[in-house]
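The structure appears below as structure tokens.
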Amino acid sequence: MRYMLQRAGWFLLTLWAAITLNFLLPRMMPGSPADAALAKLAQNGPVTEQTRKAVEAQLGVPDGNLLQQYLDYLHQVVTLDFGVSYAFYPEPVTGLVLQALPYTLILVGLVTIAAFVIGTLLGVLAAWKRGTWMDALPAVGGSFLGTFPYFWTALLLLFFLGYVGHLFPTFGAYSATTVPGFSWAFIEDALYHAALPATTMLVTSLGGWIIGMRNAMITTLGEDHVTFAEANGIPGRTVALKYAARNAILPNLTGFGMALGGVVGGSVLVEQVFGYPGIGFLLFNAVTGQDYPLMQAIFLMITVSVLVANLLVDIMYGILDPRTRR
Amino acid sequence: MSTATHRTTPSTPGAEEPLLRVQDLSVVYEPVGAPATRAVREVSFEVGRGEFVGLVGESGSGKSTLGFALTALSKPPARIESGSILFGDVDIASMSAEELRTQRQGGFAMVLQAGMNTLSPVRTIRKHFHDIFAAHRHVAPGDRDDRAAELVGRVSLGPEVLDRYPFELSGGMRQRVTIALALSLEPQLMVFDEPTTALDVLVQHAVMDTIRELQAQEGFTAILISHDLGVVLESAHRVMVMHDGRVVEDAPSEDILRRPQHEYTRMLLSHFADPRAEHVALPGLEAPVAGTATSAPSASSSPAAGGGLELRVQGVSKSFGAPRRGAQPVLAVDDVSFTLAAGGATALVGQSGSGKSTLAKLITGVEKPTAGTIHVGDAEVGSLRRKELRDLRRSVQMVFQDPYAALNPLSTVEYTLTRALTNLTDLRGNALRKRLHELLETVGLTPAAQFAAKLPHQLSGGQRQRVVIARALAADPQVIIADEPVSMLDVSLRAGVLALLRDLRERTGMSLLYITHDLLSARLITDDILVLHDGRVVESGPTAEVMRHPQDEYTIRLLDAIPDPARVHGARPDRGDLP
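Structure, rendered in structure tokens:
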């Protein structure tokens, strides 16, 4: 319990630091968003002082001293009000993010979890059957596929299974004819559209988990408590899972936590290649459109979710490893 | 006195069919990409029911490999090359994995070397018991908790340990749990592989007592594997001595002690001595005789350049902050005072946690004392600034316990020593080279040029420790602090390193503070001794005097914990009988 409270305390402290940094960093950059917008307008002719004022008012360029701005900002963060997007003007940033978030969470989130679970299990199997084909196939295959760049695998799949084979859709999260909602037809359609991006990410990230788990597991298998369990005639499956894997998985959890935290950021390249309307796609558009409010909101969200994922991993550690509870 | 009268076993060994028959067993190590080595060579022996057999040898003798083969735990790269292991009437060496697994209940059990790792760190002790019961189903589910409590009771632990995690138990408790777990298999044969090696002296003694009592009560057959001839002779009825993969001698313990036949056995025995005796000697090393305790050697021989410094510790205490809020701060060193004369040798003995290593850190200025002063020569360690501490390190050098960890595995001996010389002296170029070779010759690593080019893994443990000592000598120190310098070494190498330390002291006149838990080595190379217990000095005086006539109860316990085969096998052997 003490451990959990301690972790939660640290979490709140880092959260505050992250939010504050997110506030300070843009203010330390030279120029203002209004300047950028005005520069765009200036291409079409001279800009008057009134236009400048109007643009500033429209964009909500902050006024007041730094402390006042900071308090306003905190208020905005708490009420999830991040202003209006420039690139998708006049859509509010929060609405855009909320629209994209489910797609990313489901696609990238599920794939990350699946990759971790499948990769870890294959890694356990590979280490347990060390030296057999069950070791060689996943270890060599996984690392071979893992060396492929994301986008290249994506392009290959898109080309062969999409354009040539016509087996899967090549663009978007659902067909133009389906209406988003909680209907079976929509879910089916969405899954169909998610198949190629999901396969891409699964194939490229699986290898890392397999090899990480296999190596940790081989080290653990050499430890005395595993030998002792075998000496006591405990069945192989129990030794592999309850003794070796249970201990070997601990270091991998940290990696899993980081991967989970990154889920919210989406997968920029994959979403871009497949035209998948998730956070990564949104972020790409925000960057190319110099959409500061949108960028800031997404960055903040990524930071917070990395922190939350780390907190979750800490709590999991506390449950799985009694030594950390001291 | 006949051997039989000492046997406490229920059965007379050899009277019936033997439990274990090993015939021409060879075990080979076949690592990938390295030449194969035969660790066990054509070993044959029998062990009768209820017998307690010791298996002794130094590191690399193949004794653990043999133990693993006997309990069918050999794993690649180890492979049973030929021969058979008949357990009752079945051959373990040619059994399938599942047959083997079921044999383990009511068959053979193994207790591995004590350490952090014999129990899974994330499982409670109760779960460990339940796993075994579930694997063999020899205890009904309703009786399992009671049985587990009974088993831990058998090794003198309370049932509350069942709900603890391994890291919440001390080393001795963990090893008792390990024994209880092995016992839960109700084995006919128990193999103990160095069961007490990593434990403290007093705990070691208590755990060995438990093993002996259990064996007598339960009547299982026991094989005790150890590098410590004393422990084995004290416990086993019969001793097999292993050397280079072969059993070179196999005889009743008393015969091994009194009439050793093989020269290797004799060599091992010659390194075994009782520090309480009037005359104590190891090959090439004789302790000062009681009563005539020598003072600093400078009295007789003129010390070489440098000489020693006096080390004065006055009323020193060190407390560490409480580990948790609400807990008491830890008083690691409690009001310790002593003086190590220039050129003298003082031993600091005590079990782990007694504060001896903390004291070493205080003397070298790594930690600052909470109270009291420490003088090295005229300098007061506690008040030194960073630069002055550097000078202090030049005159006070440490030799560490683990020669395997104290050297960078990627650096040659030459590089290691060159670094020390450039850091601590002004020698450069040829002068440095000359000094480096001189150092290697001083510590007995000749020809120096050949050893300079070697990497640590190409050296034996004793040779590595000599390199560590050479490194400590680089700056011509006036005080050497040696922290358990021989505890990781094989017995046959210990005497050499100890003799080196003693000779160095005599030759250069440096002072030696020798930290150890091993009373025999303290007796051999020091003049004075301090016995530390819970941070306090409980007894001090001339080493020989304290060992011969200990006054404090703790010192007596430490001395009693030394294995004493004579206690079991009649009168103490007369050293004159031994070569």
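Protein sequences, first through last, are from chains A and B. In terms of the numbering used here, the first sequence opens at residue 1 and continues consecutively. In terms of the numbering used here, the second sequence opens at residue 327 and continues consecutively. From the three backbone atoms N, C-alpha and C, an ideal C-beta is built for every residue, glycine too.
Take the Cβ of residue i as the centre, count every other Cβ of all protein chains shown within 10 Å, and call the residue buried at 16 or more, exposed below.
i      : result
B/V793 : buried
B/P803 : buried
A/N247 : buried
A/Y73  : buried
B/P629 : With a pLDDT of 40 at B/P629, under the threshold of 50, the modelled position of this residue cannot be trusted, and the question is left open.
A/W128 : buried
B/K713 : exposed
A/Y292 : buried
A/H327 : With chain A represented from 1 up to 326, any question about residue 327 of chain A goes unanswered, as that position is not in the structure.
A/Q6   : exposed
A/I319 : exposed
A/E230 : buried
B/T618 : Legend: pLDDT at B/T618 = 49, less than 50; position of this residue unreliable, value from coordinates given subsequently. Answer is exposed; the Cβ neighbour count stays below 16.
B/H859 : buried
B/S496 : exposed
B/E356 : exposed
B/S579 : buried
A/F329 : Because chain A is modelled from 1 through 326, residue 329 of chain A falls outside the range shown and cannot be assessed.
B/Q654 : exposed
What residues of chain B sit near residue i, judged by a beta carbon separation below 7 Å?
i      : result
A/N327 : The structure shown does not extend to residue 327 of chain A, since chain A is modelled only from 1 to 326, so the question has no answer here.
Just checking: is the beta-carbon of residue i within a distance shorter than 8 Å of some beta-carbon in chain A?
i      : result
B/Q654 : no
B/L399 : yes
B/Q431 : yes
B/A435 : yes
B/S624 : Any reading at B/S624 is ruled out, since the residue's pLDDT is 39, under 50, leaving its predicted position unreliable.
B/N749 : no
B/N443 : yes
B/D903 : Below a pLDDT of 50, predicted positions are generally treated as unreliable, and B/D903, at 41, falls in that range; the measurement from the model is reported next regardless. So no, B/D903 is outside the interface.
Would a check of beta-carbon distances place residue i closer than 8 Å to chain B?
i      : result
A/N232 : yes
A/P149 : no
A/R323 : yes
A/L241 : no
A/L320 : yes
So with CB distances below 9 Å, who are the chain B contacts of residue i?
i      : result
A/T238 : D457, A460, A461
A/R7   : Here the premise fails: no neighbours, minimum Cβ distance about 17 Å.
Should residue i be listed as close to the ligand NAP, given that the test is whether its C-beta is under 7 Å from any heavy atom?
i      : result
A/K242 : Among the components modelled here there is no ligand, and therefore nothing to report on the ligand NAP.
On the premise that residue j lies in contact with residue i, defined as a C-beta separation below 8 Å, what is that separation, rounded to the nearest angstrom?
i      : j      : result
B/A613 : B/R849 : 5 Å
B/D853 : B/T869 : 6 Å
B/S837 : B/G669 : 6 Å
A/F228 : B/T444 : 5 Å
A/G233 : B/H456 : In fact, because the Cβ distance is near 14 Å, the residues do not count as touching under 8 Å.
What does residue i touch in chain A if you count any residue whose Cβ is under 7 Å from its own?
i      : result
B/L438 : D224, T227, F228
B/N734 : Simply none; closest approach about 22 Å.
Name, please, each residue of chain A whose Cβ falls closer than 9 Å to the Cβ of residue i.
i      : result
B/T428 : G233
On the DSSP bridge assignment, give the partners of residue i in chain order.
i      : result
B/D519 : B/I551
B/T699 : B/Q640
B/V675 : B/T842, B/V857
B/T363 : B/Y355
B/I411 : B/V348
B/M814 : For B/M814, which the question treats as bridged, DSSP gives no partner whatsoever.
B/R862 : B/H859
B/G569 : In the sequence as displayed, the identity of residue 569 of chain B is His instead of Gly. Answer is B/R572.
B/L611 : B/L608
B/M724 : B/I807
B/E706 : B/H701
B/S645 : B/L657
- Item | Residues of the region 484 to 511 of chain B with Cβ closer than 9 Å to any Cβ of chain E, in chain order | Protein chains in the displayed structure are A and B, and chain E is not among them.
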